[in-house]
Each structure stands twice: as C-alpha cells, then as structure tokens.
Amino acid sequence: MRYAELQVTTHFSFLRGASSADELFAAAKELGIEAIGVVDRNSLAGIVRALEASRATGIRLVVGCRLDLQDGMSILVYPTDRAAYSRLTRLITLGKSRGGKNNCILTLDDVISYSDGLLGILVPDVADGVCAAQLRKMADIFGDRAYMALSLRRRPNDQLRLHDLSNMATRHRVKTVVTNDVLFHEPGRRKLQDVVTCIRNNTTIDEVGFERERHADRYLKPPQEMERLFPRYPEALRRTMEIVDRCKFSLEELTYQYPEEAIIPGKTPQESLEHYVWECVPDRYPEGLPPEVLKTVRHELDLIKAMKYAPYFLTVFSIVRFARSQGILCQGRGSAANSAVCYILGVTSIDPSTNDLLFERFVSQERDEPPDIDVDFEHERREEVIQWIYKTYGKEKAALCATVTRYRAKGAIRDVGKALGLPEDLIKALSSGMWSWSEEVSDRNVKELNLNPDDRRRC
Amino acid sequence: MSAVDAAAKKSGLKIGMPAAKAQALFQGLMMVEADPLADALALERITLWALTQYSPIVAVDAPDGIVMDTEGADHLQGGEELMLTGIANRFRGRGLSVRVAIADTWGAAHACARAITRETVIVPRAQTVRAVERLPIALLRLPAKILADLRTLGFQSIGQLSATPRAPIALRFGPEVGRRLDQMFGRIGEPIDPVRSPELVKVSRAFQEPIGAAETIDKYVGRLVAELCIELEKKGLGTRRTDLIVDKVDNTRQAIRAGTAKPARDVRWLTKLFKDQTEKIEPGFGIERLTLVAVMSEPLEESQRTSSLVEEEVRDFTPLIDIFGNRGQRVYRVAPFASDVPERSVRRIGAAADDVAVAWSPQWPRPIWLFHRPEQVDVIALMPDHPPVSFTWRGKRRKVRRADGPERVFGEWWQRDSELDAVRDYFAVEDDAGERFWIFRLGDGVDMATGSHRWFIHGIFSS
Chain A
1 MRYAELQVTT HFSFLRGASS ADELFAAAKE LGIEAIGVVD RNSLAGIVRA
51 LEASRATGIR LVVGCRLDLQ DGMSILVYPT DRAAYSRLTR LITLGKSRGG
101 KNNCILTLDD VISYSDGLLG ILVPDVADGV CAAQLRKMAD IFGDRAYMAL
151 SLRRRPNDQL RLHDLSNMAT RHRVKTVVTN DVLFHEPGRR KLQDVVTCIR
201 NNTTIDEVGF ERERHADRYL KPPQEMERLF PRYPEALRRT MEIVDRCKFS
251 LEELTYQYPE EAIIPGKTPQ ESLEHYVWEC VPDRYPEGLP PEVLKTVRHE
301 LDLIKAMKYA PYFLTVFSIV RFARSQGILC QGRGSAANSA VCYILGVTSI
351 DPSTNDLLFE RFVSQERDEP PDIDVDFEHE RREEVIQWIY KTYGKEKAAL
401 CATVTRYRAK GAIRDVGKAL GLPEDLIKAL SSGMWSWSEE VSDRNVKELN
451 LNPDDRRRC
Chain B
1001 MSAVDAAAKK SGLKIGMPAA KAQALFQGLM MVEADPLADA LALERITLWA
1051 LTQYSPIVAV DAPDGIVMDT EGADHLQGGE ELMLTGIANR FRGRGLSVRV
1101 AIADTWGAAH ACARAITRET VIVPRAQTVR AVERLPIALL RLPAKILADL
1151 RTLGFQSIGQ LSATPRAPIA LRFGPEVGRR LDQMFGRIGE PIDPVRSPEL
1201 VKVSRAFQEP IGAAETIDKY VGRLVAELCI ELEKKGLGTR RTDLIVDKVD
1251 NTRQAIRAGT AKPARDVRWL TKLFKDQTEK IEPGFGIERL TLVAVMSEPL
1301 EESQRTSSLV EEEVRDFTPL IDIFGNRGQR VYRVAPFASD VPERSVRRIG
1351 AAADDVAVAW SPQWPRPIWL FHRPEQVDVI ALMPDHPPVS FTWRGKRRKV
1401 RRADGPERVF GEWWQRDSEL DAVRDYFAVE DDAGERFWIF RLGDGVDMAT
1451 GSHRWFIHGI FSS
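Read top to bottom, the protein sequences are chains A and B.
In this text, residue positions in the first sequence follow this note's numbering: the first is 1, and each later residue adds one.
In this text, residue positions in the second sequence follow this note's numbering: the first is 1001, and each later residue adds one.
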C-alpha cells in the first residue's frame, strides 16, 4: 500500500497548524508515508522549511496551497510544473495585495484565470446543493485535474457523508482522493492546537466553545491505517500517489532570475561589470591600481564570472549610482566590505587591501548561495530610493521584504498564558524569566516562582 | 494574632497568641497587619449584599459573622439546602472561605457555624439540644471573663452547663449565662435588628389599632404596593425583590419576600404576588405596622408600545414564572452549551434570561433522552473502532442490526486532570426491534491511556 498525505498544515498556517515541517516529515518517514503535500492557508510561506525537511528525510514534498475563497469554498491547489507554480504565486500575491495584513481576498474568478497547470482538490462539507454547485465549478475549471477530498471527521454519519460525497463527485465527473486534513504530527499535539485556536480567536480555553477544531484525529496516520479506515474507497487512496506523480514541480527547479540592466549595448553582464570596474578605478585609486589590488580584482572578477553573479552586482551598482547622483548618503556594510570590486564600484568605502580581508567570506564556490550586499540609505531620503526602484523595475516586480510571523518563546508564553486564562502577573513572571532560560522553561525555574509544574493548565 | 489561616492553624498557631511567639514557632511566617475597621466595613458591605440576595432580615453578627432570618425566604433560592450550598459556592467563587449553618435560633446557628469543619450544616427543627450539647461553651457568646471562670469551675460543653441548676450560676455570674442559654434553646426570643441601606425604596404604614383580619391585611398591602410603585416610578426603577415586613404588637416580626424574574413596577402584578402569600402571615395579637421595601431594584424605563395595523402580540410569560417561583418551585430553562462532552452540552439558565446564541449542529443528531449517568453494558465488538455486534443492558441481550460511528469525543483537558487524554467513542446502534441506543466505549481502542475500553449506554434515540 502506497499512500501520500496531501492535506498537511504546518505551523506556517499561523495559529492553525501545531507542528513544524521538521516534525511532520520526520513522523511521515517513521510511518512510511511516501510524500507530503504541504497546504498552508493562502500562503506558500511554509514550503521552504518543508523543502529543508524533505531534503533531510528523503520524503517527497509536494508543493501546494489551500485557498479559502470569499464565498466559503476551500480548494487545495497543486502546481504540476514551474509555470503553474509561478501562476499560483501570482494568484496569492493578488489576493494578499487586496486583503492587506493577515488577509487574502480571492474569488473563484481569480482562480479561473490562474488555474492552468494547477491540480484542484475541493474540500467539501456535506453532500448538499452547495457542494453540488462547487463540484460543477470544479469540473468546469480544472477538467481532468479536478479532485475532491474525502476525509474522516469522526463525527456522526461520517460514513454516510463520505458515501454521498463520493456519489455526488462521480456524477459531476470529479475524482475523489483520500486526505486526512492533518493539523499536527502526533495525537498529543491536540491540546496545543486548541490553545493556538484560542489565541487566533482572541479568547480563552474556557470560552472558546465550538470555535475549537471539532473534527477529531487530525494527526498523521500510517498507510495501513488509512487503508483500514477507507475500505470502501481503494481508488481514492491510490489517487494520492497519482497526484504526487502528476505534480512534477519541485522547488529545486527554482533559480535566481536577475534583472538585465546597466548593460552596455553589445556586451554581456560580465563584460559590462568589468567595464564599470575599470572605469571607476581612477576615482578610488587616482595614483593607479597597486599591483596586489589588481590581483585581487582579477581574482574576484573570475569568481563572479564562474558563479554568474555579475547581474546582481550590476543591480546594486545602479541603485547606489542613483543614490549618489541624488546626493543621498549610502553605505554598504557587512561582508560586502571584503570585496575590492564593491569598493571600486563605490558600494562600500573600506579599502579591503588595507585591512587584508578575505573575499571568500563574501562569495565562495563552496558555499553555493548568492552574496548579499547590505546597503544602508540615509533614512530621511530612503523613500526616494524606494520610489526610484519601483519606478525602474515596475510596481509588480519590486517588493519590500517582509517576514512571516512566528513565535519567539517570550511572546508564545504570553499568548498561551492568556489563552489558558492565567492571571496577568503570573504570565509576566513566567515570560520575564525567558531571557535567561532561552528555549525551554524548566521545572526548576517554575518551582522558583512557587508554581506547581504539574498543574494541567501549564503543560 | 487576630486571625490565622488553615495552614497556620495546622502548624500550631492560635488566635490570641503574641506575634513574636508565632514567629518563633514557625519560621518564615507571613504576617499581615490587622485592620479591624476595614474588616467591619467589608462585613457590613457583605451584609447589605446578603440583604438583597437572601432574606429581608439580615444583620451583622460582629465581629466575623452575618445572621439572617431566612424563614419564608429560602424558597426563592430553591429551599434551605440549595440556598446554603449556593451561599457557600458564591463565597468560594470570590476566594472567601465560609461556614454556613441553619438552626432554629440565632444562638444555635451561631454556635454550629463556628463549630463545623465542613462548609454547611442544617440543624433540623427541634433538634437544637442534640446539635449543641457537645459544643464548647466558648460558642455561647459570653464575655471572656465569664468563660474563663466557667472553665475554672470545670465546665467544658454547653450540655454540661445547661444541665446545671440555674440559681447558683446566676448568683455567681449574673443573668447573662442563663439568658444566652435560653436564647440558644429558643426559650426566649432574640429579635434580629435588620440592616437597612438608606437608598432602599421603602413605604410603611403604622396602625393606631392593631389589625388582624385577612381582608384588612390584604387591603393595606394593596395600598402599600401602589405607594411603592409610585416611589419606584419617580426614581425610574423596577423591583426584583420586595419584602413585606410585619411588626406585631408582641414585638415579634415576620417577613415575606417576593421575587420577580424581571424588574417590575406593575401594581396588579406585585399585589398578586403578595396576596398569594398573605395567608402565611400570623397576626397573633395584632399587627402594628406594615413595611414594604424594594431591597433589590434595577432601572426600568417606560417603553412605548409599537402601534401598527397588525398588532403583534408578544406574550410576556414573566408573571407566570414569578408565580411559580414564589410558590417555591425552581423555574429555569435548559439551553445548549458549546461543549462536545454530552453531559456538558446543556446547562440551566434563568427563566427570563436572553436566548443563547450557541446551537447544536443539526447534522450531528443527539439522543432524545440522555441518561443522567451512563450505565455500564456488556458488549461484543471488534477493536479498534468497530461498532458493537451485540450488547447486554439491564440483563437483556440485544443484537445490533445497524450502527453508525465512532464519534470521537475528547475529554476537555482544561477542566480536570483525568480528562487530559480521555477519549470516548460513541456509536448509535439499532437493535433487531428497531430501537436505537447511544453507546460509548472509554478510550480510542488503541491507547489504553485514553480509557479503559469499558462500554456504557448513554442515551436512547427516538425510534
């Protein structure tokens, strides 16, 4: 029996998922699940961690996303190739730009225009008129790429519900596939999941009521168990692997795409970069290039050529050139200061030869990741630079970098304490001790605060 | 030391001990400066609160008690026992420990409340002697000097003291000992002088000639109600609890309390509530004065009736609810509650409370009759999650023809330690006769930590 779990939510579905990608993939390996489809809510934020976990465990990662649409419909989408993946990212960007912070506004019409190459799995509730309409739309949009998820809820009339859903899907020519709607990797995480639900709803565990996840058993189960639970739907079980096989896309296909710019007509980016370097030399070294610096520059340019990083240097160079031309103060910092090329181009202001710094700390062949050049701009005029970047590259192609919200120990303790209804001063006492205890709250420290570590509200 | 908590008592500290000695006895003792004035004020505040909640006649029993005459008022709380546990729960909810006792006399209740180790006690009628005879004489409310001398003479319990001839004791200590004993055993009366808050809306009528006939009482009660309603209207209030206090010529006092589920100011309604109860008044030698007090009142605004062509009549049931409530029945409504554990999925709410927003899922049918306690049944079933093949309940074996399940219900881990990992798997099963039952197994069938795998029946569906 081969089985892939296609509906897995990591903790990047913030305050919904209760397990990390590492835990999920490790558990999947243990249980013999062949592939995991990561579908966070309206986000692909979790897939980088998932990729790392997938590399570490050897369990195949199927990149996907759960789209919660405005009309209440939920679809899991899986890109089959790279083009479909970029359509999916564009779709999510569209929704996020409409929705603002922590929100994503998408309708079925948006999905239609970006649906090429995406597999769609409908997440149904019960087999009623709404579900029939959704199935019809799924068949229209996705054609032979339309599926419907069958998941056990462990609630009354479960089998009858699956039976009705399966029949209805067949009538609408939509294939069924078994999923488990996983929120955590092992059963014990249920309590943590309850707590994060409370935090999301801004309430306490005593008040949360039916806002809790009411469908049971949302942990990873081994293939044999899934086979036992769905004896009536062997073909829907097999389709999990079918979907995995159809989704050829892998994150490993992604490479950096640099903008083409500051290129002198008729020259390659590398030649242009070299051109600018030699052009700028007199600004830095009016008395001519000392021979050892010349050696360094040659070495750096060779390395940049080998790693094909020239376009990136050109981009930074043109931004700095703009800032200088407007008289905006700017200063490169960090590891870029190790580079003679950066110094000559005016990105950094420290002559690496006087300090004998090592370029390999900045770019090296062993470490196969592009360099990052940090440039600080005068904060009062930073906006001008930002606007220039938007103007030059286009609003669609330039972005301010943001981070996805995650918990640090201190904030986590505060929110969990609130959700459990602990008094404010106790939460403060617990969280203020966090600096010294870093990751873990040990029993000993809890005892120092005269608390009972065995209390169930504080597990 | 003027007060010690339970833990301090355990380590041998006593009230009246010098602070230095206590500190020597127990290292790291936490001491708080006594503030008798603040304590007295707090006690008075609680007394005034108790007046609105429990009884028309409530007084401070200094320094650490409250005395109430609950005769004729306990029915509003559902009877004596429910009233006592209710009082205990409300104090505990505020983090205060409390001892409550009901007895025939102030003296007996005072002694019992201070002698018991549990929270509540009810001394049955005419059982006062048995209840108090073994209690120490310290509970007799006698001055410390007399107590010490009595102990020197060898008196320990109230029983011993009351069995001793009265004359020599009266000669040695004065009349105080005899008076306290008589008060405790109800041989002489001890009227309670009730606290009154100045804000209470109150009307009263004194009679030149004591009255006694039922019709006369009814007539004056009616007039007082009308006066009270006018006073309430001036203040924009409606009354939730109203006391009728009857002062009789022999210096005894009787009180009748009427409660309403919503604030009320309606003369007819209130008169009806009192007239139902005036037969309880025993005029004795005659009534000197009638007083009507709205002890608990809430704002009540006049609202204009909507006028439309089609008159939508909203039937107000609250007068009916009040009539039942004042007869001593408990009136409540049952409402759904947001919990997956069947026992917790319903709760009682006030009869006039607003509707609750929570509703059960219509997709998940529940049995029409949920047993008060699940009953254990013998079941033959395949593990881990198959429905029963047959089960034996109350000696009768039933074969299962159809079944649905399992419905997995998790314990609410934040409620009790025992529910941390607890799971119940519910099955709806139908037997050969077409009767349908709700059966569950403790545990998820795999992990013994989630439950013992024993089976229970928890309800019956309508067939």
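Backbone N, C-alpha and C define an ideal beta-carbon position, used for all residues, glycine too.
Only a predicted model underlies this, so the values are computations on that prediction, with no experimental measurement involved.
* Give the residues of chain A in contact with B/F1410, contact being defined as C-beta atoms less than 8 angstroms apart. => R190 and A216
* For B/T1291: DSSP bridge partner residues -> B/S1204 and B/I1245
* To do: For chain B, find out if any of its Cβ atoms is closer than 9 angstroms to the Cβ of A/I205; answer yes or no.
  => yes
* Label A/C401 either buried or exposed according to how many other C-beta atoms from any shown protein chain fall within 10 Å of its C-beta, with 16 as the threshold for buried. => exposed
* Asked: So with Cβ pairs under 9 angstroms, would you call A/G17 a contact of chain B?
  -> no
* Is there a Cβ from chain B that is less than 9 angstroms from the Cβ of A/G411? -> no
* Asked: Between which two residues does the alpha helix (DSSP H) containing A/Y472 stretch?
  -> The structure shown does not extend to residue 472 of chain A, since chain A is modelled only from 1 through 459, so no value can be given for it.
* Asked: Within the 9 angstroms Cβ cut-off, does B/Q1254 reach chain A?
  -> no
* If we cut at 9 angstroms on Cβ distances, does B/P1374 have a partner in chain A? -> no
* Measure the C-alpha to C-alpha separation of B/F1155 and B/L1171 and round it to an integer number of angstroms. => 16 angstroms
* Evaluate contact between the stretch 303 to 312 of chain A and the stretch 251 to 266 of chain A, counting only Cβ atoms and requiring at least three cross-stretch pairs below 8 angstroms. => yes
* Quick one: is A/G159 near chain B, going by C-beta distance under 9 angstroms? -> Strictly speaking, residue 159 of chain A in this sequence is Gln, with Gly absent from that position. Closer than 9 angstroms to some Cβ of chain B, the Cβ of A/Q159 qualifies, so yes.
* Interface flag, A/P124 vs chain B, CB-CB below 9 angstroms -> no
* Assuming B/D1404 contacts A/P156 under a Cβ cut-off of 8 angstroms, what Cβ separation, rounded to an integer in Å, is found between them? -> 6 angstroms
* With burial defined as no fewer than 16 other Cβ atoms inside 10 Å of the residue's Cβ, what is the status of B/G1095: buried or exposed? -> exposed
* To do: Tell me, to the nearest whole angstrom, how far the beta carbon of B/G1065 is from that of B/M1184; I am working on the premise that it is less than 8 angstroms.
  => Incorrect: roughly 15 angstroms between the Cβ atoms, too far for contact.
* Asked: Along chain B, in chain order, which residues have C-beta atoms closer than 8 angstroms to that of A/F142?
  -> Result: empty, since nearest Cβ-Cβ is about 27 angstroms, beyond 8 angstroms.
* **C-beta contact flag for A/A26 and A/V196 at 9 angstroms** => no
* Which runs of the beta strand (DSSP E) fall wholly inside the stretch 1355 to 1410 of chain B and span at least 3 residues, in chain order? -> 1369 to 1381, 1388 to 1393 and 1396 to 1410
* When the Cα atoms are used, what is the spatial distance from A/Y3 to A/E227? -> 9 angstroms
* To do: Using a threshold of 9 angstroms, state whether the C-beta atoms of B/P1063 and B/A1040 are closer than that.
  => yes
* What is the DSSP secondary structure of A/T536, counted as helix, strand or coil? -> With chain A running from 1 to 459 in the structure shown, residue 536 of chain A is simply not present.
* Return the first residue and the last residue of the alpha helix (DSSP H) that A/A340 is part of. => A340 to L345
* Asked: Can you tell which of A/G143, A/T240, A/K305 and A/K175 has the C-alpha that lies nearest to the C-alpha of A/E34?
  -> A/T240
* To do: Alpha carbon to alpha carbon, how far is B/A1103 from B/E1176? Give it in angstroms, no decimals.
  => 21 angstroms
* Asked: Do the CB positions of A/F230 and A/L152 come within less than 9 angstroms of each other?
  -> yes
* Any idea what DSSP makes of A/C131, helix, strand or coil? -> helix
* Can you tell which of B/E1412, B/F1427 and B/R1223 has its C-alpha closest to the C-alpha of A/P194? -> The question names Pro, but residue 194 of chain A is Asp in the sequence shown. Nearest option by C-alpha distance: B/E1412.
* Could you tell me the distance, in whole angstroms, from the CA atom of B/S1197 to the CA atom of B/L1237? => 16 angstroms
* **chain A contact residues for B/P1342, given Cβ-Cβ distances below 8 angstroms** => Within chain A, no residue comes near B/P1342; the closest Cβ sits about 12 angstroms away, beyond 8 angstroms.
* Label A/H11 either buried or exposed according to how many other C-beta atoms from any shown protein chain fall within 10 Å of its C-beta, with 16 as the threshold for buried. => buried
* To do: Starting from the beta carbon of A/P231, find every residue of chain B whose beta carbon is closer than 7 angstroms, and list them in chain order.
  => Here the premise fails: no neighbours, minimum Cβ distance about 11 angstroms.
* To do: May I have the straight-line CA-CA distance separating B/W1455 from B/G1443, to the nearest angstrom?
  => 10 angstroms
* Interface residues of chain A facing B/V1358 [CB-CB closer than 9 angstroms] -> G209 and F210
* For chain A, find out if any of its Cβ atoms is closer than 9 angstroms to the Cβ of B/G1405; answer yes or no. => yes
* Is B/Y1332 helix, strand or coil by DSSP? -> strand
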